[in-house]
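Enquirer: My questions all concern the structure below.
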Amino acid sequence: MPIQYYIYLCLTLFSIGIIGVLTRRNAIIVFMCVELMLNAVNLLLVAFSKMHHGVALGSSATSMVGIEGQIFVFFIMVVAAAEVSVGLAIIVMMYRNTHSVDINFLNRLKN
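Numbering (the numbering used here), first residue to last: 39 to 149.
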């Protein structure tokens with residue numbers, strides 16, 4: 039499959055995530071859109087890594103060149119799991135204090 043298809047898919051997913059972050063007021067939806075953007079970047083990184091690894095395999099059958107992107111995605115996913123736990127804890131505490139997950143409601147907490 040050509041790399042352009044992956045680029046278009048990732049661009050679409052990332053754009054949907056940006057639109058969701060900029061237009062929504064619900065904290066959970068915004069959080070999901072941030073995760074969608076992160077996953078779009080991960081997918082693109084894996085696609086480029088796979089393409090680079092395929093080119094390297096053409097020259098040597100035992101080449102390990104090109105898997106760095108996939109290893110990097112693994113570490114990104116570990117950090118994203120920690121981010122999800124912290125983010126959801128913040129959203130739950132915000133709901134307990136304000137009984138709302140509306141982001142605009144957070145401006146009232148300054149006073």
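Glycine residues also receive a C-beta, built at the ideal position from the N, C-alpha and C atoms.
1. Please classify V130 as buried or exposed, where buried requires at least 16 neighbouring CB atoms within 10 angstroms.
2. Alpha carbon to alpha carbon, what distance is there between I109 and Y43?
3. Can you tell me whether S87 is buried or exposed? The criterion is at least 16 other CB atoms within 10 Å of its CB, across all chains shown.
4. How about V155 and V79: are their beta carbons less than 8 angstroms apart?
5. So, is M75 buried or exposed, given that buried needs 16 or more other C-beta atoms within 10 angstroms?
6. One question on the structure: do L83 and V116 come within less than 8 angstroms of each other, judged by their Cβ atoms?
7. Would you say G55 reaches chain C, if we count a Cβ-Cβ gap shorter than 8 angstroms as a contact?
Expert: Concretely, from the data shown:
1. Counting from 1 along the sequence shown, the entry for residue 130 is found at position 92. Exposed, since its Cβ has fewer than 16 Cβ neighbours within 10 Å.
2. Position 5 of the sequence shown, counting from 1, holds the residue named residue 43. Position 71 of the sequence shown, counting from 1, holds the residue named residue 109. One C-alpha to the other measures close to 22 angstroms.
3. As a first step, residue 87 is located in the sequence shown; it is residue number 49 there, counting from the start. It is buried - the Cβ of S87 has at least 16 other Cβ atoms within 10 Å.
4. The structure shown does not extend to residue 155, since the chain is modelled only from 39 through 149, so no value can be given for it.
5. Position 37 of the sequence shown, counted from the start, is the residue given in the question as residue 75. With 16 or more Cβ atoms within 10 Å of its Cβ, M75 is classed as buried.
6. By one-based count along the sequence shown, residue 83 stands at place 45. By one-based count along the sequence shown, residue 116 stands at place 78. Going by C-beta atoms, L83 is not nearer than 8 angstroms to V116.
7. In the structure shown, chain C does not exist; there is a single protein chain.
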